[in-house]
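Protein chains: 2
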Amino acid sequence: MKVMIMGMDGYLGWPLSMYLSGRGHDVCGVDNMSRRKNVVEIGSWSATPIKPIKRRLEAYKEATGKDLTFYRGDLVEPSFVDVVVEKEKPDCIVHLGEIPSAPYSMIDVEHCNYTHVNNVIGHNNILFAIKDHVPNCHLLKLGTMGEYGTPNIDIAEGFFEVDYRGRKDKLPFPRQPGSWYHLTKVHDTWNLMFANKIWGIRATDVMQGVVHGVMTDDMVNDDLLTRFDFDEVWGTAINRFCAQAVVGHELTPYGKGGQTRGYLALRDSMQCFKIAIENPPDEREYRVFNQYDELYSVNDLAKYVSKVAEEYGLEGKIWNIENPRVEAEEHYYNPDMEHLPNLGFKPTYTLEKELHITLPKLMEYKDRIEAKRDSINPKIKWTA
Amino acid sequence: MKVMIMGMDGYLGWPLSMYLSGRGHDVCGVDNMSRRKNVVEIGSWSATPIKPIKRRLEAYKEATGKDLTFYRGDLVEPSFVDVVVEKEKPDCIVHLGEIPSAPYSMIDVEHCNYTHVNNVIGHNNILFAIKDHVPNCHLLKLGTMGEYGTPNIDIAEGFFEVDYRGRKDKLPFPRQPGSWYHLTKVHDTWNLMFANKIWGIRATDVMQGVVHGVMTDDMVNDDLLTRFDFDEVWGTAINRFCAQAVVGHELTPYGKGGQTRGYLALRDSMQCFKIAIENPPDEREYRVFNQYDELYSVNDLAKYVSKVAEEYGLEGKIWNIENPRVEAEEHYYNPDMEHLPNLGFKPTYTLEKELHITLPKLMEYKDRIEAKRDSINPKIKWTA
Chain A
1 MKVMIMGMDG
11 YLGWPLSMYL
21 SGRGHDVCGV
31 DNMSRRKNVV
41 EIGSWSATPI
51 KPIKRRLEAY
61 KEATGKDLTF
71 YRGDLVEPSF
81 VDVVVEKEKP
91 DCIVHLGEIP
101 SAPYSMIDVE
111 HCNYTHVNNV
121 IGHNNILFAI
131 KDHVPNCHLL
141 KLGTMGEYGT
151 PNIDIAEGFF
161 EVDYRGRKDK
171 LPFPRQPGSW
181 YHLTKVHDTW
191 NLMFANKIWG
201 IRATDVMQGV
211 VHGVMTDDMV
221 NDDLLTRFDF
231 DEVWGTAINR
241 FCAQAVVGHE
251 LTPYGKGGQT
261 RGYLALRDSM
271 QCFKIAIENP
281 PDEREYRVFN
291 QYDELYSVND
301 LAKYVSKVAE
311 EYGLEGKIWN
321 IENPRVEAEE
331 HYYNPDMEHL
341 PNLGFKPTYT
351 LEKELHITLP
361 KLMEYKDRIE
371 AKRDSINPKI
381 KWTA
Chain B
385 MKVMIMGMDG
395 YLGWPLSMYL
405 SGRGHDVCGV
415 DNMSRRKNVV
425 EIGSWSATPI
435 KPIKRRLEAY
445 KEATGKDLTF
455 YRGDLVEPSF
465 VDVVVEKEKP
475 DCIVHLGEIP
485 SAPYSMIDVE
495 HCNYTHVNNV
505 IGHNNILFAI
515 KDHVPNCHLL
525 KLGTMGEYGT
535 PNIDIAEGFF
545 EVDYRGRKDK
555 LPFPRQPGSW
565 YHLTKVHDTW
575 NLMFANKIWG
585 IRATDVMQGV
595 VHGVMTDDMV
605 NDDLLTRFDF
615 DEVWGTAINR
625 FCAQAVVGHE
635 LTPYGKGGQT
645 RGYLALRDSM
655 QCFKIAIENP
665 PDEREYRVFN
675 QYDELYSVND
685 LAKYVSKVAE
695 EYGLEGKIWN
705 IENPRVEAEE
715 HYYNPDMEHL
725 PNLGFKPTYT
735 LEKELHITLP
745 KLMEYKDRIE
755 AKRDSINPKI
765 KWTA
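Same order as they appear, the protein sequences are chains A and B. First residue of the first sequence: 1, per my numbering; consecutive thereafter. First residue of the second sequence: 385, per my numbering; consecutive thereafter.
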């Protein structure tokens, strides 16, 4: 299958390109390299020393004999998107080419707007290019479980049956996102649902949980590593805790630490994408996949990191700090997750198992984390 | 009260500026004049010969002795918005400064993206300016009843109580908008709800029905008229039918004509805004007003226009044509509307009564409609 990966140079895009290529798919991709620039902007870098895209592609060819086709360009440019989609005529587009940071979007009006334009306009351009050139293409769009927020009822998988004042309807499950970034993902979701309605674009809308881990089996040497961000802006809570453990800093959950989310190992994220790609939606179908494996609170994450860190001789003291975000720190959380298991998804790596791979790998690059340790503590606040 | 009207030169912005000024408020406003340009772009113009903004302001001063302060500038520029809000320090901002056309947004990717950036980024800039300079300012933001779409259950006023699998929550009512334009309004709604949550911006989010009519009592001479669009892109169904009746063209409802929506006379829209402004939300409150008076199907509109047109010697044959849109042509529609009546709103003009003012006024400008009569028939299609 010809698969085009938007955001090929990213944390997920790079390992997914190798994963799909290694499993018989013809993979091409697009990136504007903005993630590298945006991490430098806030004074940090990836703990893993990632190679320039050119070297990545060469190293993959050396290791496997396989070619990955790469286009450098910006999804915000409609003509660029139009041209690459028309040229490659993919059977499936995996759209990972968005700015994925809540704190980055919260810095100021410029970062809020940049995230909006990059994510929403880039996605619009993909929708129009599919409509114009590959109307039967399957769009696998990356959303986030964070779109739903933390309602006091079960979270359905995209749609729910509503019984209201004696009448019934099946409606989109309400979204209550918690940052400008999360809002842009919600905007994309509604735009995709509409494009499906009017043009029949077949789509899988993936509400993914937080992905953890840094290694996949395709990373046979360090030239093939993916990025691992650990700063307050680009690092997830797990990544920050791992980095803190490696450099001997206390692990710092925000607030009470009861914020509960869905988590998924990097390898299992790859597995989920592959299942969705190889089992595309029907013609004109729009489907939503909630994509996660385990539920943890932020305090749980800290405890697991602390426990595994001690096995490697690291100290992992936990020190809850003031929460820079506006979010519920204790809440109900029970999202459905049936569509992917029904297609055969079986998780293979728990958080604890994955940490036994991630932590020793990060210890190899302790000096890189140490050099940017100041970037871990939160400075960006949600309140006025 | 100091009121700042974003979109002062528009169909609603201009009469609202006069209406509020005449009732003791200190009114300033902003416009980038894009509506005039965008109507010319698609080959049409306002049936009423509207004056340049400079002349409008002079004519209002001549008629009333009152000054309106005007800033020409683009809400998409964050620094401009920041400066005018800081300078004027309004007690209330009425945000009408958005591109309001569904068909315009459906022309192609450029018009879709232009509508997105203009509406969403302009609104974001207002939110940040309020947060930074007038945190207690009341933002009265214009949304649309079209955000809700046509669900098979009653439409709540912003939020609804959900009972799902034995648990309860009060959640944002799901939106199912029917064009890129309507989607941008939904995006704004979620963004405003979030700004309220994190910064406590006090806000009235107005889900307004379709406004009809062209005259208010402040229009004491024709230099003070507001615009009246009648083409397929900028004209509502009522406006198109009125224009068709005036030039002897069949009235052309789209499809079966069972599409039902909420409608409101221009004068009553002014009344609603005034009530909301003079009864602001509490500190940190976010409230939603469904703002309409009567429910009509498109066929009902055609029948009323036809009936009133005949009283003025016009023929108003009805000829349902192929629907260029993707929308339900027969559906349940029962939106709540309690918040404004609870604050004292009493509608004063039915559709039929308003048509007795609108049609004779348009007959004065029959030649202007005749000159652009080709712009009425639909060419922009929703499908691929």
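For each residue, glycine too, the CB sits at the ideal point set by N, CA and C.
query = By how many angstroms is the C-alpha of Ala102/A removed from the C-alpha of His182/A?
reply = 7 Å
C-beta contact flag for Val460/B and His517/B at 8 Å: no
* beta strand (DSSP E) containing His596/B: first to last residue? -> 594-596
query = Do we get a CB-CB distance below 8 Å when we pair Leu343/A with the residues of chain B?
reply = no
- [ ] Determine the chain B residues that contact Ala384/A at a beta-carbon separation under 7 Å, and present them in chain order.
- [x] Lys515, Pro519, Trp583
Counting only runs of 3+ residues fully inside the stretch 290-359 of chain A, write out the beta strand (DSSP E) ranges in chain order.
-> 294-297
Write down the C-beta distance between Arg586/B and Pro664/B rounded to the nearest angstrom, noting that I regard them as a contact closer than 8 Å. Contact annotation, Arg586/B with Pro664/B: C-beta distance approximately 6 Å; criterion of less than 8 Å satisfied.
request  = Counting only the same chain and skipping the five closest in sequence on each side, list residues whose C-beta sits under 7 Å from that of Asn508/B.
outcome  = Asn575
inquiry  = Could you give the first and the last residue of the continuous beta strand (DSSP E) run that contains Gly413/B?
reply    = 410-415
Contact set between Asn509/B and chain A, taken where Cβ atoms lie within less than 7 Å
Val109
Taking CB distances under 8 Å as the criterion, tell me whether Lys525/B reaches chain A. no
Please state whether DSSP places Ile510/B in a helix, a strand or coil.
helix
Report all residues from its chain with a CB closer than 7 Å to the CB of Thr390/A; omit the five preceding and five following residues, and keep chain order. Here chain A covers residues 1 to 384 and nothing more, so residue 390/A does not appear.
Requested in this report: Go ahead and label Ala245/A buried or exposed: buried means 16 or more other beta carbons lie within 10 angstroms of its beta carbon, across all protein chains shown.
Outcome: Classification for Ala245/A: buried.
Item to check | Buried or exposed (CB count within 10 angstroms, at least 16 for buried), Val408/A | outcome: Nothing about residue 408/A can be read from this structure; chain A reaches only from 1 to 384.
- Taking the alpha-carbon positions, what's the Asp31/A to Asn38/A distance? 13 Å
**Q.** Identity of the residue in Ile99/A, Asn118/A, Ala384/A, Leu68/A nearest Gly24/A by Cα
**A.** Leu68/A
query: Would a check of beta-carbon distances place His723/B closer than 8 Å to chain A?
result: no
Any C-beta of chain A within less than 7 Å: which residues of the stretch 444-474 of chain B qualify? Pro462
Quiz prompt | Of the residues Thr150/A, Ile369/A, Lys66/A, the one placed nearest Pro49/A, counting alpha carbons only | solution = Ile369/A
- Task: Provide the residue span of the beta strand (DSSP E) that contains Gly527/B, from first to last.
- Result: From DSSP, the beta strand (DSSP E) with Gly527/B extends over 522-528.
(request) Output the boundary residues of the beta strand (DSSP E) element that contains Pro15/A. (result) No beta strand (DSSP E) contains Pro15/A, which is instead part of the alpha helix (DSSP H) from 13-21.
Using the Cβ count rule (16 or more neighbours within 10 Å means buried), how would you classify Lys691/B? With fewer than 16 other beta carbons inside 10 angstroms of its own, Lys691/B counts as exposed.
Spatial neighbours of Glu250/A within its chain, please: CB distance less than 6 Å, with the 5 preceding and 5 following residues excluded, ordered by chain position. Lys317, Trp319
Buried or exposed: where does Glu714/B fall if 16 or more other Cβ atoms within 10 Å of its Cβ makes it buried?
It counts as exposed.
For Val672/B and His571/B, what's the separation of their Cα atoms in angstroms?
Those two C-alpha atoms are separated by around 15 Å.
Open item on the list: Any beta carbon of chain B sitting closer than 8 Å to that of Val94/A?
Closed with: no
How about the stretch 653-660 of chain B and the stretch 668-683 of chain B: do they share at least three Cβ pairs that are nearer than 8 Å? Verdict: yes, contact present.
> From this set, Leu301/A, Ser269/A, Leu142/A, which residue's C-alpha is nearest Lys346/A's C-alpha?
Replying inline: Ser269/A
Helix, strand or coil at Pro172/A [DSSP, three-state]:
strand
query = Taking DSSP as the reference, what is the three-state secondary structure of Lys386/B?
reply = strand
Original post:
Any Cβ of chain A within less than 8 Å of the Cβ of Asn536/B?
Top reply: yes
- Task: Check whether the Cβ atoms of Ser759/B and Ile426/B lie closer than 8 Å to each other.
- Result: Yes; because the gap between Cβ atoms is below 8 Å, this pair is in contact.
- Query: Looking at the C-beta of Leu192/A, does it have a partner C-beta in chain B at a distance below 8 Å?
  - Reply: no
- Task: Check whether the stretch 160-169 of chain A touches the stretch 533-540 of chain B, taking contact to mean three or more Cβ pairs, one atom from each stretch, closer than 8 Å.
- Result: yes
C-alpha distance - Ala302/A paired with Ala47/A, whole-angstrom precision: 19 Å
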